[in-house]
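>
The structure is reproduced here in structure tokens:
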């Protein structure tokens with residue numbers, strides 16, 4: 117063989133080997149990435165090639181699938197009581213993707229998750245029967261919250277304090293995911309996107325707002341744990357009116373005639389005394405209040421239930437006056453309804469915070485578990501003694517304080533109201549909050565609930581935690597205790 121032919125043969129062989137190597141690399145290493153690419157039409161065709169798996173509430177599916185007419189997508193998602201459960205399920209749309217549980221478990225629900233395949237199927241990439249996502253939602257609690265919120269803009273979360281199971285998660289205004297499930301739902305999508313009330317936003321998890329006086333529970337917990345005050349019945353050193361440190365700004369109480377001067381923590385929670393908790397936060401200092409807030413879950417940017425919740429924030433780098441304002445849940449403090457439900461849940465659960473979760477297990481078509489989410493195993497937030505004292509003070513709020521609308525006959529109920537400023541110089545309608553717990557000694561059932569009313573349409577003078585938010589919590593708690 118002459119030299120030219122030999123060199124050419126070697127060059128061609130190198131090219132062939134390079135092509136084979138590249139093909140092997142694509143098949144072995146890049147194949148899954150290409151298959152999972154959202155721009156790959158084949159992925160969407162495979163996703164909707166068969167009926168999707170279901171999201172289940174109390175043993176019954178709240179989702180379904182139906183055959184489409186024409187096109188290359190054989191099935192599309194349907195929803196039972198879509199508006200009721202939208203904050204739980206999210207949506208699965210052929211045109212706009214998937215959110216929340218639909219998005220997190222899309223590969224389980226469409227049958228492409230590798231855990232659904234046997235070894236042979238994993239090699240051949242054969243699509244299997246889809247799996248099922250089993251939620252912790254109690255339909256009675258969910259319905260009670262949804263109906264009680266009605267046409268108000270707001271959200272509510274109910275949690276089992278002992279297990280962390282989310283029993284109800286509601287966000288209003290809601291939407292029907294069925295209306296955006298197909299490929300020809302552009303008008304419905306644009307209507308949702310242009311709606312000023314943002315119905316696609318899950319306010320229960322993803323709308324942190326100033327928590328107002330509900331945050332006073334966190335400050336009280338910090339004061340008791342620190343030993344600043346020995347008990348909820350120890351008189352505090354709280355002048356009324358109270359001037360913010362190093363300023364001339366006088367902090368007033370909503371009820372000018374309330375006995376807030378040097379009030380005990382119990383009395384201060386009962387009447388929601390701003391002077392007491394602002395002074396308490398300033399005395400503790402931002403580091404101690406922040407440390408307690410973080411024990412309850414604030415500043416956690418990785419809180420998954422398994423849907424990622426936005427972080428509730430307790431700020432840093434404040435002066436004494438700003439720290440004082442955080443004591444009443446203002447300045448730059450923000451919280452989601454989930455976060456404030458976690459505060460009450462930890463107090464109700466003897467100071468232990470169980471990780472909140474809305475999914476109990478994920479199973480394959482045979483009912484075998486692919487993933488399970490453990491209940492309980494709480495993290496210590498406050499001592500048992502502090503938790504008991506705070507429960508006692510919260511009961512006073514409901515029995516004869518600002519939270520009387522949350523009372524349930526035959527049950528132990530404790531709570532805390534909140535009315536948070538909104539807008540520059542409180543120029544807009546305030547937010548109404550309520551966080552609470554309830555227990556039935558005879559059955560052992562218990563629940564913690566937080567409610568946010570972002571806008572009810574009521575006149576400014578009629579906005580209060582007791583008037584707007586507490587009745588919603590009361591109905592959800594009553595449903596949970598049945």
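Residue numbers (our numbering): 117 to 598. Beta carbons are placed, not taken as given, at the ideal position from N, Cα and C, and that holds for glycine.
#1: Helix, strand or coil, according to DSSP, for residue 245 in the structure here?
#2: Taking residue 181 as part of the alpha helix (DSSP H), name the residues at either end of that continuous run.
#3: Identify which residue in 165, 247 and 255 has its Cα closest to the Cα of residue 196.
#4: Using DSSP's beta-bridge definition, name the partner residues of residue 420.
#5: Restricting to Cα atoms, I'd like to know which of 164, 226, 261 and 190 is closest to residue 595.
#6: For residue 512 versus residue 385, is the C-beta spacing smaller than 9 Å?
#7: Who are the Cβ neighbours of residue 395 in its own chain at under 6 Å, not counting the five residues just before and after it?
#8: Count the other C-beta atoms from every protein chain shown that fall within 10 angstroms of the C-beta of residue 127, then say buried if there are 16 or more, exposed otherwise.
#9: Can you tell me whether DSSP reads residue 150 as helix, strand or coil?
#10: Using a Cβ distance threshold of 8 Å, determine whether the segment 313-322 contacts the segment 392-409, with at least three qualifying pairs required.
#11: Can we say the segment 285-302 touches the segment 200-217, given the rule of at least three CB pairs closer than 8 Å?
#12: Below 6 Å CB to CB, which residues in the same chain sit around residue 419 once its five sequence neighbours on both sides are set aside?
#13: Would residue 406 be called buried (16 or more neighbouring beta carbons within 10 Å of its own) or exposed?
#14: Three-state secondary structure (DSSP) at residue 282?
#15: Do you know whose CA, among 439, 431, 388 and 263, lies nearest residue 550's CA?
#16: Do you know offhand how far residue 267's Cα is from residue 288's?
#17: Does the segment 327-344 come within contact of the segment 442-453, defined as at least 3 CB pairs closer than 8 Å?
#18: Under 8 Å from any heavy atom of the ligand GDP, does the C-beta of residue 550 make it?
#19: Exposed or buried, which one is residue 306 when buried takes at least 16 other CB atoms within 10 Å?
#20: Assign residue 464 to one of two classes, buried (16 or more other C-beta atoms within 10 Å of its C-beta) or exposed (fewer than that).
#21: Excluding the 5 residues preceding and the 5 following residue 566 in the sequence, name in chain order all residues of the same chain whose CB lies nearer than 6 Å to its CB.
#22: Got a sec? Which residues, its chain only, sit under 7 Å from residue 459 by beta carbon, not counting five neighbours each side?
#23: Does the beta-carbon of residue 175 have 16 or more other beta-carbons within 10 angstroms, so that it is buried, or is it exposed?
#24: With DSSP as the reference, label residue 259 as helix, strand or coil.
#25: Can you have a look at residue 563 and say buried or exposed, based on whether 16 or more other CB atoms are within 10 angstroms of its CB?
#26: In chain order, which alpha helix (DSSP H) runs of at least 4 residues are fully inside the segment 529-598?
#27: Rounded to whole angstroms, what's the CA-CA distance from residue 382 to residue 500? Just pull it up for me.
#28: Report all residues from its chain with a CB closer than 8 Å to the CB of residue 183; omit the five preceding and five following residues, and keep chain order.
#29: Can you tell me the Cα-Cα spacing of residue 491 and residue 477, whole angstroms?
Well, looking at it:
#1: coil
#2: Taken as a continuous stretch (DSSP letters only), residue 181 belongs to no alpha helix (DSSP H), being part of the beta strand (DSSP E) at 179-183.
#3: 255
#4: 424
#5: 261
#6: yes
#7: 354 and 358
#8: exposed
#9: Any reading at residue 150 must be qualified, since the residue scores a pLDDT of 45, below 50, and its modelled position is unreliable; the value itself is stated next. Looking at residue 150 - three-state DSSP - the assignment turns out to be helix.
#10: no
#11: yes
#12: 425
#13: buried
#14: strand
#15: 388
#16: 7 Å
#17: yes
#18: Annotation note on the ligand GDP: not contained in the displayed structure, which lists no ligands.
#19: exposed
#20: buried
#21: 273, 453, 456, 457 and 551
#22: 333, 334, 412 and 551
#23: exposed
#24: helix
#25: buried
#26: 586-596
#27: 17 Å
#28: 190 and 191
#29: 11 Å
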